[in-house]
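J.: One structure is given below, represented as C-alpha cells, and several questions about it will come after.
Protein chains: 4
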Amino acid sequence: MKDLRVGLIGCGFMGRTHSNAHRRLNNFFKLGHRSVLKAICDTNAAKASAFAETWGYERVETDWRKLMEAGDIDLVDICVPNFAHKEIAIAAAKAGKMVICEKPLALNVAEAREMVDAVEAAGVPNLVMFNYRRVPAITLARQLIDKGRIGRPFHFRAVFLQDWTISADVPQGGDALWRLDVKAAGSGVTGDLLAHNIDCALYLNGPITRVVARTETFVKERVHQLTGKVEPVGIDDACIFIAEFANGSLGVFESTRYARGHKALKTFEINGADGSLAFNLEEMEYLDYFQYAGSDSDTRGWRRIHVTNSEHPYMDKYWVPGLVIGYEHSFLNTLADFVAGIESGSPAQPNFRTALQTQKVCEAVLQSAKTGQWTETGVEL
Amino acid sequence: MKDLRVGLIGCGFMGRTHSNAHRRLNNFFKLGHRSVLKAICDTNAAKASAFAETWGYERVETDWRKLMEAGDIDLVDICVPNFAHKEIAIAAAKAGKMVICEKPLALNVAEAREMVDAVEAAGVPNLVMFNYRRVPAITLARQLIDKGRIGRPFHFRAVFLQDWTISADVPQGGDALWRLDVKAAGSGVTGDLLAHNIDCALYLNGPITRVVARTETFVKERVHQLTGKVEPVGIDDACIFIAEFANGSLGVFESTRYARGHKALKTFEINGADGSLAFNLEEMEYLDYFQYAGSDSDTRGWRRIHVTNSEHPYMDKYWVPGLVIGYEHSFLNTLADFVAGIESGSPAQPNFRTALQTQKVCEAVLQSAKTGQWTETGVEL
Amino acid sequence: MKDLRVGLIGCGFMGRTHSNAHRRLNNFFKLGHRSVLKAICDTNAAKASAFAETWGYERVETDWRKLMEAGDIDLVDICVPNFAHKEIAIAAAKAGKMVICEKPLALNVAEAREMVDAVEAAGVPNLVMFNYRRVPAITLARQLIDKGRIGRPFHFRAVFLQDWTISADVPQGGDALWRLDVKAAGSGVTGDLLAHNIDCALYLNGPITRVVARTETFVKERVHQLTGKVEPVGIDDACIFIAEFANGSLGVFESTRYARGHKALKTFEINGADGSLAFNLEEMEYLDYFQYAGSDSDTRGWRRIHVTNSEHPYMDKYWVPGLVIGYEHSFLNTLADFVAGIESGSPAQPNFRTALQTQKVCEAVLQSAKTGQWTETGVEL
Amino acid sequence: MKDLRVGLIGCGFMGRTHSNAHRRLNNFFKLGHRSVLKAICDTNAAKASAFAETWGYERVETDWRKLMEAGDIDLVDICVPNFAHKEIAIAAAKAGKMVICEKPLALNVAEAREMVDAVEAAGVPNLVMFNYRRVPAITLARQLIDKGRIGRPFHFRAVFLQDWTISADVPQGGDALWRLDVKAAGSGVTGDLLAHNIDCALYLNGPITRVVARTETFVKERVHQLTGKVEPVGIDDACIFIAEFANGSLGVFESTRYARGHKALKTFEINGADGSLAFNLEEMEYLDYFQYAGSDSDTRGWRRIHVTNSEHPYMDKYWVPGLVIGYEHSFLNTLADFVAGIESGSPAQPNFRTALQTQKVCEAVLQSAKTGQWTETGVEL
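Residue numbers (our numbering), protein chains in the order written: chain A, 1 to 381; chain B, 1 to 381; chain C, 1 to 381; chain D, 1 to 381.
Structure below.
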C-alpha cells in the first residue's frame, strides 16, 4: 500500500467535496494507494486552519507555491475559483505533481490549451473533476448505450436549472459568490452548469460540432462584495443553445439560475431508435429507461431503475440494494477511478485533453450568443 | 341493428354516468344493438324532466313500477340508492327485463341472494356496474396475470382514500348525501368504496376466504337532511381489513373518507414471484409493472405503461396513442361488453352471482369489525 | 333553445373529435343553443356514410360546396387536412356561416391573412381549434398567471414529443398519413405539434418576437401512398427553436416524432420570480405549481394539483372531485366556450386573428431553420 | 475537545454503517467530542483485522468481554445479531460504558426490560440505532406535526417491502443471513423491518395500544448455513397488522420480503384534519406534504418538498441546496445527536426505555398473529 500524499488548494465548497472524497477513499475502495491529507492551502490562514482541523490535514499553507516545492506532495488538488486554475495547474505539472482540477478546466480555450500542453509535456496524471460522470445512474446510462440499447441516436436534451440568484439583492464576487463575478468565473451558467451538461453529452453522445446560443443577464447590476460598489454584472444568468452532434443527432441545452422551484435540476434525456434514457440529479438514485427493441408492445413503458443494486456501477462498494448514496459519492467514485487509473496505466477520464473539448463547446456557445450566428466548436472528432 | 330500449331509474351521479354510457355506446363500439333512451324515472318529477332534457330520454316516469309494465323497455338500469336495489331488480327480472344494477348489489347478503335467485329464475341478462374492471389499465393487469407474468402471488394491497367528510358540518342523508345514511346505504366506506376494491381483488387474485377488520366512525353525530335533526351516524367512516386469499396470498385493504389530500385514491398492487403490478385511479392512464422473470438485472425497474396504445384494452375504440380517456369511459366499456355478451351468449362479468361474492366479503368485514374476530367469508371457491 | 346546425367536413381523426364534442355539448353544458348534426361531408362517400351512421349526422355530402349553399347549416366545421382550410373557410365566411377550423389555421401566413380578412369582412363567428387551451389544467395555469402568482416571468419551455415515424417503412401521404406529406400539411412537426405549443405560449406568456430554429428530417425518403413511389420527404421531422418573448423572458421549444418512448408528451413550464407552473399532456389531470411568494421556506415544494375539483375550470360540468376527464373533453370545453361566446357577444379565443399570430411564429421558425439566422416573427404586440 | 473512545462489536453490514458514522462525525458536526476508533471486535479474527484496516481501528479483539475491561473505551457500539444484544449491553452498562445498540433492542420484551434496567441502574448514556428518525425528511415531518400542521390525526399507514428472499434457494443462518434464522434474529420482518416502522410511528403519532396481526412464512424450509441441513423456517416472511393509536387514529402496517420490485420501500403516510405527510425511503430526499388548513382550494395539491435546503434538519451540515445525501447520513445524524445529548445533558432518543415500547408492540404483533386475537401492547401512555 503506497501513500498518495495530497496537497489541496481552496477551502470552499469544492474543497470540502474533494476532501471528503480523499478521507473516505480507502473505507470503500480496495486500491494500492492510501490517500494521505498532507497539506491544505488557502490564502485565508484562519479558514485554512479550521479546515485542516475539520478534515484532518497535517499542515496548513497560505501560498500554493509552497506545495509545488514540497517533497511530500504527490498530488495537487485544485479547488480554487476558475481564474486561478491555469497558473496552479501548470506549476504543478512542471513540479511533476499529479493534478486534479475542479471544472471548468479554465477561463477559456486558450488557457485550457496551455494547461493540456503542460500536463502532457510533464507526463503527469491529470483529471478534471466532472464528477457527474460517476453518478451510478449516469455511468449505467453509458454502459447501456455502449451495449447498443438505444440504437441510432436522434435527440439529446439537457437542462441545469437553479433559482438562487433571482433576488437582485444577492451580491456578486468574494468568498462564496465568486461564481457571479465574471473575472473570477469567466462566465455564468455556461461554465458553471452547462459545462457539466456538455461533459455528460460528450460522454454519452459524442462530439458537438456546431451551436447556436442565446444568453441573458436578467439582473444587470449587483453590489460587488470586494469593492462594496454596485457594478455591472458580467456573467450570463441564463443560457440556451441548440447543438449538432457529430453523430447526426440534435441537442438542446438550457441552464439558468432563474428557474423558480429548481435547486439543482440537472437532467438529460437521450432518444434513440431502439430506446431512450433519462436522468434527473434531484433524484439521482434513478435512471429512467424506455426499452423499445426487444420489448412487447403491450407492456412498454418508461422504467424507473433504482440504481442501487450491486450489479450497478460502484454500488457494490456501498450498502445493500435499495439504499441510496448521495451527491458526494460521485466525487469519491471519480477519485477512486483516478487512482485505479494511475495503478493500471489506463487513465481515468475526463483528463485535461478531454475537458478541453468541453471548454471549446462552452466558448463556441458564448461566442454564438454574442454574434447570433451558428458557430463551429472545433472539437476533435 | 336492433334497439336496446332503456328505462333508467335514478337521476343522481350514477344516473348521469350510466346515461352518458348509453348515449355514447354506438359512437365508439360496433355492436348489433343501438342503445335507445326510452324512459327516465325519478320520484322527483322536476328533476326527472330536466334530466330527460339534458340526456335525451323520450319520456319521464316517477314510479319505477311503470317501467316494469311497459312494453317498450328491454333493459332496466338501476341507479338509485342501495336500499332500493332489491325490490326494483326483482321486479324487473320478474317482468323479463334485462337488469343493470349499480354497485353494491344490495344492502346485505340476504338481499343479494334473493336478487341472484330472481334473475337466474327469470333467465334475464344481468350485470352489476363494477365499472373499474374496465378501466383499460385494470383490464390489462388481468391480461398480464392471465399470461402468467406475475407468477405465484404473495401479496395484494389496495386502498380507496377520500377526504370529503372530514368536516363535522357535512350532513347525512337526503339527495346527494344518502351515502352517509346507513339506512339508505347499508354501510359506509365498506359498501361504497371497498366493494370496488374487493371486486377488483376477486377479478385479479381470486376468492377471499377469511378476514379480520376494524372500522371507525370518526364523527359520531351529524344533522340528518331528511329530519333536520342531529342523529347518530350509523356508517363506517373508515375500514381496514386483512384478508386471506384462496390462492395463499395475503391481502390488506383500507378505505376512508378522512385521508386529507386524497379525493379518489383507489389503488391496488399485486406482488408475485415473477412480477408485480400497481394501479392508481387518480392517474388511471398508467399501469405500473415490474417484470422480474425474463428481465436483465441491471435494467429492472417499475415501468409506467401509458395505457393508451391501440393494443391496450378498449383503446382502439377511442383516439390515438398517448391521448387519455377518463373515468366515464369505464362505464361505457362495461356497457359495451354487456351488450356484446348478450349478442354472443357469453355474459359479461360481474353478473349478480359474481357480485354476490363481493357482498359476502363486505358482510364478513363488517361482521369482523363488530366481533373483533377473524371471520369466514363463505365465498364460492 | 335555438338549434346550431352543423355541417362538418372531414371524416378523419379530427372529424371524430369534433363530432364527439357536438354530440355531447348539451349533456354537459347549459347553453342557449343545441348542437344539431345536419350534414357530414367527405370526398369518400362510403366513409362519410359510415361516419354519419356512427355519429348520427342527418345527411351526407361529398362536395363541401353544397354546405355553403345549404340553408340549414349555421356552422361549418373544418376538419380536413391543412391544405384545404383556406378555400373552405373563405367560402364559408362568404356564405355567412360561422366557421370552426382545425389548427393550424393555414399552410402559411399569406393564406392565414386571407382567411382572417374573409371572416372579419363577413362578420361571422370564427374559431381555430387549439383545443389544449381548454384542458382544465392549462386554463387553471392561465388563471393563476392572471392572479399574479408567478410574478415576473423569466423562462418558458415546452416540448411536444412523439415517436411514431421512426421506422423508415412508414409511408407518407394519403388518408391517415397526410401529416407526413408536405403538400397536404405545409410542414411537419412545426405546424402539427409546435403550433399547439406556440398557441399555449401566447396564451400564457404573450407574444414571441424573435426566434432562431433548427429543423431536421431524419428519414429523407418515404413511399408516397398516393403515387406508390419513393419520394423525398418534405416535412420537418424535428424542430427546435429558441425564442424571445415580448415580456423579456426566454423560450425554448422542441418537437419531434423521433423521441422513443413518448407518444404525446406535450409539456410546458413557466418560471417566474414568484412561482412556476408545469404541465404534461400525458397526465393531463395534473398541474404542477411551485409557490414561492407567500410560502414558508421549509415546506416549499412542487405541488401536484389534481385538477378535478369543482372549483377548477370546467370540472363542475363533469363528475365529482378526483375523477378524471380525458383528451376529448378539451374539444368539448372549447366548443362550449365558442357557443357561449356567440351568445354573450364576447367571442371565444383563439379566433382566426389570434391564430394568425401562431402562424407567424411557425413561419418565422421555418424561415430561421432555412437561413440559420435569428428571425423576427412580426406578431402584433 | 474530548476523545470519545469507541469499541465496536460486529463487522457486518451494521458494523460498517456505524463505523462510517464515527469516521465522519467531526468532518460535518461541530461537537465537543472527537470520535476515536479504538477497538473493533469480532469472533472472526481475520474479518476483524481486515475491517480494522479498512476503517482505521487501532486494535482488534475477538472477545467482546475485553472491551468491558478496557480502560480506553468510553462507548460500546453493539452491531452484532439480535440474540447477543442483551448480554453485551448489560455487561457494558455494568462496566460503566455508554452503549449504542443496533435495533431491535432485543429478542423480546423480557430481555429488553433487563437491558433498560441495566443502563438505568448504571446511569450510562444509551441509544438504540433507529436511524430513520434522523433522515431529514422524517425529522422534518415531526417538526411539521409539532407545529400543528396536520391537526387531528385520523390515519397512519406504513409499509416496509423487500423482495430478496423469494427464492427458496436462499439459505438461512450464518454470516450474512442470520436475519432468516429465528434463533439469531428472534423474528423475521417484524423485528427487522416493522420495528423501524413502529419506531417512526411512535415518533410521529404516539403510542400504539392494541393490534391485530397476521404473519406468513411463504417458504417453509430452507438450508441452514451453519448445519448444512434443510431446516424449518422459524421467522415471519411477511407481517400485516392493524393498530389503534392512543390518540384515536387508526394504523395499518405491512412488511414482507416477498414484494417483487421493492428493495427497501419503507414508507409512511399520516393523514390529519388539517394536512397530510408521506415519505418513501427509496427516494428519501423528498417529503410529500398536503396542506389543507390555510391553503387555497384551487391550488391545493401534494407538494414534493426536496429536503435539501439549509433550513431543513441536518442539511446545513452538508452541501448546498438541491444536492442529496444518502442512507448512511441517517446514522451520522443520529450519532451526532447522541454526542450532543451527552454534552447537553438532554439525551437523544430513542434510548433503551423508548425502544422498549417498540419492542412491546412487536411482541404484541407476534402474539396476535399466533392467537388471531386483538392484543394489548401495554406501552406506556
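For glycine and all other residues, C-beta sits at the position ideal for the given N, C-alpha and C. Keep in mind that this is a model prediction, so the values were computed, not measured.
(1) Check the C-beta distance from G301/D over to R304/C and give it rounded, since I have them as a contact under 8 angstroms.
(2) What are the start and end residues of the beta strand (DSSP E) that includes M384/D?
(3) Check whether the region 107-115 of chain C and the region 345-363 of chain C are in contact - that is, three or more C-beta pairs closer than 8 angstroms.
(4) Here's the rule: buried if 16 or more other CB atoms are within 10 angstroms of the residue's CB, otherwise exposed. What is A238/B?
(5) Tell me whether the beta-carbon of P207/A lies closer than 9 angstroms to the beta-carbon of V6/A.
(6) Thinking V128/A and F352/A are a contact (beta carbons under 8 angstroms), I'd like their distance in whole angstroms, please.
(7) Does the distance from the CB of L67/B to the CB of K86/B come in under 9 angstroms?
(8) With a CB to CB cut of under 6 angstroms and the five nearest residues on each side skipped, what residues in its chain are close to G341/B?
(9) Under 9 angstroms, do H306/D and K266/A count as touching if we go by C-beta distance?
(10) Between G272/D, V99/D, R23/D and F279/D, which has its C-alpha nearest L161/B's C-alpha?
(11) Could you tell me which residues DSSP puts in a beta bridge with W302/C?
(12) To the nearest angstrom, report how far apart S19/D and A70/A are at their CA atoms.
(13) Indicate the three-state DSSP secondary structure (helix, strand or coil) for R16/C in the structure shown.
(14) Output, in sequence order along the chain, the residues in the region 307-341 of chain A whose CB is closer than 8 angstroms to any CB in chain B.
(15) Could you work out which residues of chain B lie near Y292/D, taking near to mean beta carbons separated by less than 9 angstroms?
(16) Taking all protein chains shown into account, decide if L381/C is buried (16 or more other Cβ within 10 angstroms of its Cβ) or exposed.
(17) Quick check: D325/C and E282/B, are their CB atoms within less than 9 angstroms of each other?
(18) Could you confirm whether any beta carbon from chain A is found closer than 9 angstroms to the beta carbon of T256/C?
(19) Can you tell which of L202/C, D72/C and K94/C has its C-alpha closest to the C-alpha of I270/C?
(20) What does a CB cutoff of less than 7 angstroms around T377/B pick up in its chain, not counting 5 residues either side in sequence?
(21) What first and last residue would you give for the beta strand (DSSP E) that runs through G188/A?
(22) With 16 as the cutoff for other CB atoms within 10 Å, does R65/B come out buried or exposed?
(23) Leaving out five residues before and five after A150/A in sequence, what residues of the same chain have Cβ atoms less than 8 angstroms from its Cβ?
(24) Report buried or exposed for S344/D, applying the criterion of at least 16 other Cβ atoms within 10 angstroms of its Cβ.
(25) Closer than 8 angstroms is the cut-off here; do at least three beta carbon pairs connect the region 215-235 of chain B with the region 88-106 of chain B?
(26) Please work out which residues of its chain come closer than 8 angstroms, Cβ to Cβ, to L396/A, disregarding the five sequence neighbours upstream and downstream, and give them in chain order.
(27) By DSSP, does L265/C sit in helix, in strand, or in coil?
(28) Grab me the residues of I138/A's own chain with a C-beta within less than 7 angstroms of its C-beta, minus the 5 sequence neighbours each way, in chain order.
(29) Which residues in chain B have a C-beta closer than 8 angstroms to the C-beta of W302/A? List them in chain order.
(30) Is the shortest distance between the beta-carbon of R23/C and the beta-carbons of chain B less than 9 angstroms?
(31) In chain order, what residues of the same chain lie with their CB nearer than 8 angstroms to the CB of H196/C, ignoring the 5 residues before and after it?
(32) Who are the near neighbours of L140/C in its chain, counting only those whose CB is closer than 8 angstroms to its CB and skipping five residues on each side?
(33) What number of angstroms, rounded off, separates the C-alpha of A168/B from the C-alpha of R222/B?
(34) With distances taken from CA atoms, which of W374/C, A46/C and R257/C is nearest E244/C?
(35) Which whole-angstrom value describes the C-beta separation of R34/B and L75/B, a residue pair presumed to lie in contact below a C-beta threshold of 8 angstroms?
(36) I need the straight-line Cα distance from T217/A to I242/A, nearest angstrom please.
T.: On the basis of the data shown:
(1) Counting from 1 along the fourth sequence, the entry for residue 301/D is found at position 301. Counting from 1 along the third sequence, the entry for residue 304/C is found at position 304. Yes, G301/D and R304/C are in contact; Cβ-Cβ is about 5 angstroms, under 8 angstroms.
(2) No answer is possible for residue 384/D: the residues shown for chain D start at 1 and end at 381.
(3) With the rule of 3 Cβ pairs closer than 8 angstroms, the region 107-115 of chain C counts as touching the region 345-363 of chain C.
(4) Here residue 238/B corresponds to residue number 238 of the second sequence, with the count starting at 1. Answer is buried; the Cβ neighbour count reaches 16.
(5) Walking along the first sequence from the start, residue 207/A turns up at place 207. Walking along the first sequence from the start, residue 6/A turns up at place 6. Annotated as distal: P207/A and V6/A, with beta-carbon spacing of 9 angstroms or more.
(6) The residue labelled residue 128/A in the question sits at position 128 within the first sequence. The residue labelled residue 352/A in the question sits at position 352 within the first sequence. Right, their Cβ atoms sit about 6 angstroms apart.
(7) To locate residue 67/B, count along the second sequence from 1; it is residue 67. To locate residue 86/B, count along the second sequence from 1; it is residue 86. No, Cβ-Cβ distance for L67/B and K86/B is not below 9 angstroms.
(8) Walking along the second sequence from the start, residue 341/B turns up at place 341. Contacts found: P347 and A348.
(9) On the fourth sequence, position 306 is the one that residue 306/D refers to. On the first sequence, position 266 is the one that residue 266/A refers to. Not a contact, by the Cβ cut-off of 9 angstroms.
(10) Within the second sequence, numbered from 1, the residue matching residue 161/B stands at position 161. Closest by alpha carbon: G272/D.
(11) Locating residue 302/C in the third sequence gives position 302, where the first residue counts as 1. Answer is F290/C and R304/D.
(12) For the purposes of this step, residue 19/D is taken as residue 19 along the fourth sequence, with counting starting at 1. For the purposes of this step, residue 70/A is taken as residue 70 along the first sequence, with counting starting at 1. Their backbone Cα atoms lie some 33 angstroms apart in a straight line.
(13) Counted from its first residue, the third sequence places residue 16/C at position 16. Of the three classes helix, strand and coil, the one that applies to R16/C here is helix, per DSSP.
(14) Listed by position along the chain: N309, E311 and H312.
(15) Indexing the fourth sequence from 1 puts residue 292/D at position 292. Ordered by position in chain B, the residues that pass the 9 angstroms Cβ test against Y292/D are D163, I166, R260 and G261.
(16) Locating residue 381/C in the third sequence gives position 381, where the first residue counts as 1. For L381/C, the number of other beta carbons within 10 angstroms of its own is below 16, and it is reported as exposed.
(17) Along the third sequence, one-based indexing puts residue 325/C at 325. Along the second sequence, one-based indexing puts residue 282/B at 282. Correcting the residue identity first, residue 325/C is Ile in this sequence and not Asp. No, Cβ-Cβ distance for I325/C and E282/B is not below 9 angstroms.
(18) As a working note, residue 256/C is residue 256 in the third sequence. Taking a beta-carbon distance threshold of 9 angstroms, T256/C counts as an interface residue toward chain A.
(19) As a working mapping, residue 270/C is identified with position 270 in the third sequence. Ranking L202/C, D72/C and K94/C by Cα distance to I270/C puts L202/C first.
(20) Numbered from 1 along the second sequence, position 377 holds the residue referred to as residue 377/B. Correct list, in chain order: I208, T209, R210, V211, K360, V361 and A364.
(21) As a first step, residue 188/A is located in the first sequence; it is residue number 188 there, counting from the start. First-last for G188/A: undefined, no H or E at that position.
(22) Locating residue 65/B in the second sequence gives position 65, counting from the first residue. With fewer than 16 Cβ atoms within 10 Å of its Cβ, R65/B is classed as exposed.
(23) Your numbering for residue 150/A matches position 150 in the first sequence. Looking at the sequence provided, one finds Ile at residue 150/A rather than Ala. Its chain contains L144, I270, N271, G272, A273, D274, G275, S276 and L277 as the residues whose beta carbon lies nearer than 8 angstroms to that of I150/A, once the 5 sequence neighbours on both sides are disregarded; these appear in chain order.
(24) For this step, residue 344/D is matched to residue 344 along the fourth sequence. Only exposed fits S344/D, as fewer than 16 other CB atoms lie within 10 angstroms of its CB.
(25) The region 215-235 of chain B is not in contact with the region 88-106 of chain B.
(26) Since the first residue of chain A shown is 1 and the last is 381, residue 396/A is not available in this structure.
(27) Locating residue 265/C in the third sequence gives position 265, where the first residue counts as 1. Strand.
(28) As a position in the first sequence, residue 138/A is number 138, starting the count at 1. So the list reads Y132, C200 and F279, once near-sequence residues are dropped.
(29) As a first step, residue 302/A is located in the first sequence; it is residue number 302 there, counting from the start. Annotation: Cβ neighbours of W302/A in chain B (cutoff 8 angstroms, chain order): R303 and R304.
(30) Taking the first residue of the third sequence as position 1, residue 23/C is located at position 23. At least one chain B Cβ lies under 9 angstroms of R23/C.
(31) Mapped onto the third sequence, residue 196/C falls at position 196. Scanning its chain for C-beta atoms nearer than 8 angstroms, with the 5 sequence neighbours on each side dropped, one finds around H196/C the residues K103, F130, Y132, F160 and K266, in chain order.
(32) What you label residue 140/C is simply residue 140 of the third sequence in a count that begins at 1. Taken in chain order, the residues that qualify are L287, I305, V307, H312 and P313.
(33) In the second sequence, the residue the question calls residue 168/B occupies position 168. In the second sequence, the residue the question calls residue 222/B occupies position 222. C-alpha separation (whole angstroms): 7 angstroms.
(34) Translated into positions along the third sequence, residue 244/C becomes position 244. For E244/C, the nearest C-alpha among the options comes from W374/C.
(35) The count along the second sequence starts at 1 and reaches residue 34/B at position 34. The count along the second sequence starts at 1 and reaches residue 75/B at position 75. Incorrect: roughly 12 angstroms between the Cβ atoms, too far for contact.
(36) Locating residue 217/A in the first sequence gives position 217, counting from the first residue. Locating residue 242/A in the first sequence gives position 242, counting from the first residue. Near 19 angstroms, if we compare the C-alpha coordinates of I242/A and T217/A.
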